[in-house]
């Protein structure tokens, strides 16, 4: 059964997978180079990463047909590490990122994803798009109108060519056309070659040359943790999207572990940390890729192209890459969230905007996610801490009934006792908890306090409607606070 | 003649108009209507992004084609609904050809020449490539 399934995942769709893999490889090259430039490393670092990650994840990933490689989200997190400490520390951080992700996978922490609210995920995606876009702006500085025209031409080809033919990826055609114009027109603009060197050889196994000290660990750990979290966030989100697109299921914990293994391998072979890519995975599925073979072919064919055509790649003008990256940022941005922003609950909209704001301000996706999660937690606590108390007087029995509605816990009980009239001229008080739930000892403590204050005025207190869980909690810790007096 | 009718439905104004035609066809030929909603890649992305669970996504999509379903229900013709995944045009074409439908009813978005060039016309693609008659509702 297991072998049968594996065979299906690898060879169930050979023709579709091979073709889609080739299309993805062509689309991956410009992105891998552009993301390397964002991170501040040689193009080879992103290309090696994309090769290693795609090939490894084809074997160990949990979502067949999903494409993982060097990504913008991860590149943006490495900028400072590379600028302050250099490439070797980045490679070490990549390996540590993988180790953290493997641990996440082993302990089945994929389910922690559900604590990241949707509005934070939308904010994450939008912030990522904005950062990829703003990372392109420096390339315009000091360039003339030629740069703008070439970028415009790239974008025009990317968006209009698919109307005529979808057989070839339009981004690739745009790059070739613009490169040909620049080379044969002898136009002086910046090229990929200006951004770093490109070696036409396969990656080799290397242990990063860093001092193996606690100090090194302290430098790379914060980066690795942020990379691990952001990588898993984007990978699991992508897996969910591909699940939906193909109407199939996937193993999220296996994917987490696979992402980790892929990053460890990438780090040892001179690549930067990466994760799953929403856009490329979408291209793969649309091109007919469904199985593990498509991811494998994408990685292998990418490396083949670099080894064979590396000399040509350095001649690609930056204008073409900038155009491709603008297309990536437009495709990444969730435009529907802007259209529906005014319709969302106000708190959700605030969480989304704050997530984007923090990321754009700090240039750090993980900080934005953290801020968004914390803010939604506060909003959630505020929302459910509203407790409603209604009262009713039963004249004949000299009894007052208080009906409590809501969640009683530490955040909601502070002004709870203020809602009761302790100097009432009744003999008996009934507290109806049918529509309430007691959550913690703060809730029990508040009830004990209320009971005590009524007792001081010789008013007896009865409870009705306690649900089972609340009763158990009350029996266990109720009266403890009273007993001290 | 038109016993098995496929109705392309996305809950839009155009698909509501098409629904009425599909119902009339079904009544005339004693046919069965299958309303199909195709979720494409970018819709899948934004749906997954905005919903917490699979269940919620499914609910939202059913909500989206509820107008069409309600019309079919009220008409009394035999019908079913189906949600498919992929690019709208090719997915409908494959589904129709594989399942031997007798007729396809599909709305035209009424785009002008430039919009058609940029966005592409789903109804044209379907009309060109399915093996059965197609009713394009304007």
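Chains as they are written, first to last, in full-length UniProt numbering: chain V, 1 to 485; chain B, 1 to 138.
All residues carry an ideal CB built from backbone N, CA and C; glycine is no exception.
None of the values given here were measured: they were computed from a predicted structure.
When rounded, the separation of the alpha-carbon atoms in residue 13 of chain V and residue 293 of chain V is 8 Å. Listed along chain B, no residue sits closer than 9 Å to residue 274 of chain V by beta-carbon distance, the nearest being about 20 Å off.
The criterion of a C-beta distance shorter than 8 Å is not satisfied by residue 151 of chain V and residue 43 of chain V. In the assembly as shown, residue 309 of chain V is an exposed residue. Its beta-carbon has fewer than 16 other beta-carbons within 10 Å. Under the 10 Å beta carbon count, residue 317 of chain V is surrounded by 16 or more other beta carbons and is classified as buried.
The segment 114 to 122 of chain V makes contact with the segment 369 to 381 of chain V: 3 or more CB pairs, one atom from each, lie closer than 8 Å.
With contact defined as three or more Cβ pairs closer than 8 Å, the segment 85 to 105 of chain V and the segment 264 to 280 of chain V are in contact. In this structure, DSSP gives residue 50 of chain V a helical state, which the three-state scheme calls helix. Not flagged as an interface residue toward chain B: residue 165 of chain V, since no C-beta distance is shorter than 8 Å. Taking a Cβ-Cβ threshold of 9 Å, none of the residues of chain B is close to residue 17 of chain V; the smallest such distance is about 17 Å.
Under the 10 Å beta carbon count, residue 34 of chain B is surrounded by 16 or more other beta carbons and is classified as buried.
Residue 41 of chain V and residue 253 of chain V have their C-alpha atoms some 31 Å from each other. At a cut-off of 8 Å, the C-beta of residue 113 of chain V has no neighbouring C-beta in chain B. Unbroken beta strand (DSSP E) stretches of 3 residues or longer found wholly inside the segment 58 to 142 of chain V: 68 to 70, given in chain order. In this structure, residue 66 of chain V places its C-beta atom within 8 Å of the C-beta atom of residue 281 of chain V.
Under DSSP, residue 82 of chain B takes part in a beta bridge, and its partners are B:36.
The DSSP assignment places 335 to 339, 346 to 362, 365 to 384 as complete runs of the alpha helix (DSSP H) inside the segment 328 to 391 of chain V, in order along the chain (cut-off: 4 residues). Of all residues in the segment 48 to 70 of chain B, only 48, 49, 50, 51, 52, 53, 54, 57 come within less than 9 Å of chain V when Cβ atoms are compared, listed by chain position. For residue 157 of chain V, the enclosing alpha helix (DSSP H) covers residues 145 to 164. With 16 or more other CB atoms across the displayed protein chains lying within 10 angstroms of its CB, residue 287 of chain V is buried.
Contact between residue 273 of chain V and residue 231 of chain V holds, since their C-beta atoms are separated by about 7 Å, short of 8 Å. For residue 10 of chain V, the closest of V:358, V:297, V:259, V:458 by C-alpha to C-alpha distance is V:297.
Judged by beta-carbon spacing, residue 36 of chain B lies beyond the 8 Å limit of residue 86 of chain B, meaning their Cβ atoms are not closer than that value. Contact between residue 403 of chain V and residue 387 of chain V does not hold, since their C-beta atoms are separated by about 11 Å, which reaches or exceeds 8 Å.
Look at residue 123 of chain V: its C-beta is not under 8 Å from any C-beta on chain B. Rounded to the nearest whole angstrom, the CA to CA distance from residue 209 of chain V to residue 88 of chain V is 6 Å. In terms of beta-carbon proximity, residue 45 of chain B lines the interface with chain V, with at least one pair separated by less than 8 Å. Annotation for residue 82 of chain V: 39, 40, 41, 90 place their beta carbon closer than 7 Å to its own, counting only its chain and skipping 5 residues before and after. Taking a contact as a CB-CB distance under 8 Å, the pair residue 146 of chain V and residue 189 of chain V counts as one, their CB atoms being some 6 Å apart.
For residue 317 of chain V, the three-state secondary structure derived from DSSP is strand. In this structure, DSSP gives residue 72 of chain B a helical state, which the three-state scheme calls helix.
Counting of Cβ neighbours within 10 angstroms places residue 60 of chain B among the exposed residues, the total staying below 16.
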